[in-house]
Structure formats: structure tokens, C-alpha cells
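K.L.:
Sending over a structure as C-alpha cells; questions will come in a sec.
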């Protein structure tokens, strides 16, 4: 791959929607130093639903739109998202993406067992599948199988242990029964494997602010700084990897899913050489769901 083609791909990485966000969000999300800290078990019974619409922009110019639906029940959860480029970017780099994650709720902890992500452009379509269990990735595949790149750091079996999939990793679970929007809720991190790239994310507290969607949520948001560290599966000389690994101004504003102790991204901001990239909810409708009542004979 030439430098010019890699630079073109880096621009697309920073602007094209993948699952719920620009591809850079896969690297930077978007959301404990181990999975157990992020998704700590607690009392079961919290249930809620989110239906959200997002818009991605680059330097204030709309470049993509996406949707995200999450359902958290008493014993199972599911999340699905889709999005694509829009506006001027669509004429140069049209593409769509979808993703889904599902699994069990055990003692309040979200334990994914499957993750799928598909991206489609005018040139190709690719599907990534993960099978998860026992705190890591048991199996994974990329279809079609990508060519081997000698410059890419190899992902080992050890790299796929104690990790989350990207979608479950973007949901911040706050343990206990204290205040959700507290500085300590930010001070955590996790390891993520997306089928190709293995990376660590670390969060830190920045501030509390008020956010308002055009439809739905209006209230406090917990704003966290997020730091990205590539571990394996990446090409070291790629500018986008170097940039994200050293960037200290990336931040995410989290808000809660009603009826649960799960926080999800409302807005994400990534400074880029092309201007600020932002993913922000335009509609964020979340409702608490009553617990299921056991049937009696």
C-alpha cells in the first residue's frame, strides 16, 4: 500500500460511519483497565431501552448519520446500529455500516456472546464476526479474508483474552448504587478487540455539563477524556494510529439509559488535522422498562 493510498484511507477512517460512529471511534471508544471494572456485576433487575439517532460532522460539515438501538432486559441484552456517509463526503467516499452485539445479563453484568459488523463501499463489502465467552474472544472471522500485511503486528491468543467487543465496550456500566454522574464513573478503562485491532482505552474525568437532543434527552452528561493505546493488529507507521495514540483532547459525553446503570455516548469529539470530528445524538429517546413478571399457573 502506498503512502498516498494510506493517507486517503486515514481520512476515511476519521470520517466514515462504522457501526455507530466514524471508524476512528472504533479506535477511540467510541466506550476499566480490565473488562470486570467496566462491566462490574451488581444487583439485577434494571431494564431499559434506547432509540437514538446520531450525526457525524467534520469541521462543522455533516458527513454521516447513524442510529443505535439498545435493549437491556433482566437476563439478556441486545444492541444494533447502522450508519453511512452523507453530504459531500458521500460523493467521494460513499459507504454504509451496521453492527450488532448481544448476550446475557448475569448479576447485572453485560456479557456479550456475539458481535457482527459489516461495512460496504463502492469497492467492497466486509463482515467481521466475533464469538465471545469467558471474558474474551473465542472465535473470530473476517469475510472476505484480508491479505496478509507483513507490517501488521500479529494478534496472539493472549491478546484476545480479557477484552470486549467494540459495541459492548462503548457502554459504560457504573457499579454499586451511588451517583451515576460522578467523577469516579470516568476513572476506568478496558481492552477491546474488533476482529482486526486490539487496543486499550482509558477514561478520566473532565466535567459535568448539560446536553440537549433535538428530540428526547435533556439533562446532565458525564464528560470523560479518553486515551487510546494500540496493542496489536495495527500497522505502526499508519499516521492515524500514531495520531490517535498521542492525542489527549478526545472526549466523550456519557448519559444514562433510563432504568439502568448503563451510560452510553451522547457526543464524541476527536480533534483531527482536517478539523474537529464530532459524533452527536440528534435524537436520544430512552425509557425504563418494567421487570418481567413471572407467570403463575
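In the numbering used here, the protein residues as written are 158 to 454. Just so you know, even glycine gets a beta-carbon here, dropped at the ideal spot from N, CA and C.
Measuring CA to CA, which of 425, 430, 418 and 214 is closest to residue 336?
P.N.:
Nearest option by C-alpha distance: 418.
K.L.:
Provide the residue span of the beta strand (DSSP E) that contains residue 379, from first to last.
P.N.:
Residue 379 -> beta strand (DSSP E) spans 375-389.
K.L.:
Could you give the DSSP three-state label for residue 282: helix, strand or coil?
P.N.:
Residue 282 falls in the strand class under three-state DSSP.
K.L.:
Would you report the Cα separation of residue 339 and residue 281, rounded to the nearest angstrom?
P.N.:
About 44 angstroms.
K.L.:
Looking at the unbroken alpha helix (DSSP H) that takes in residue 341, where does it start and where does it end?
P.N.:
Note, residue 341: alpha helix (DSSP H), 340-343.
K.L.:
Take residue 424 as the anchor and find which of 327, 299, 298 and 273 has the nearest alpha-carbon.
P.N.:
Taking only the C-alpha atoms, the option nearest residue 424 is 327.
K.L.:
Can you grab the Cα-Cα spacing for the pair residue 131 / residue 393, in whole Å?
P.N.:
Nothing can be reported for residue 131: it is not among the residues displayed for the chain, which extend from 158 to 454.
K.L.:
Counting Cβ pairs closer than 8 angstroms, one from the region 383-390 and one from the region 303-311, do we hit at least three?
P.N.:
Contact holds: three or more Cβ-Cβ distances are below 8 angstroms.
K.L.:
Alpha carbon to alpha carbon, what distance is there between residue 259 and residue 239?
P.N.:
Each residue's alpha carbon lies about 15 angstroms from the other.
K.L.:
Using the rule of at least 16 other Cβ atoms within 10 Å of the residue's Cβ for burial, across every protein chain shown, is residue 330 buried or exposed?
P.N.:
Residue 330 should be labelled buried.
K.L.:
So, residue 273 versus residue 261, is the Cβ gap smaller than 7 angstroms?
P.N.:
No, the pair does not count as a contact, with Cβ atoms beyond the cut-off.
K.L.:
DSSP three-state call for residue 445: helix, strand or coil?
P.N.:
Reduced to three states, the DSSP call for residue 445 is strand.
K.L.:
Can you check whether the CB of residue 205 is closer than 7 angstroms to the CB of residue 370?
P.N.:
No. Outside cutoff.
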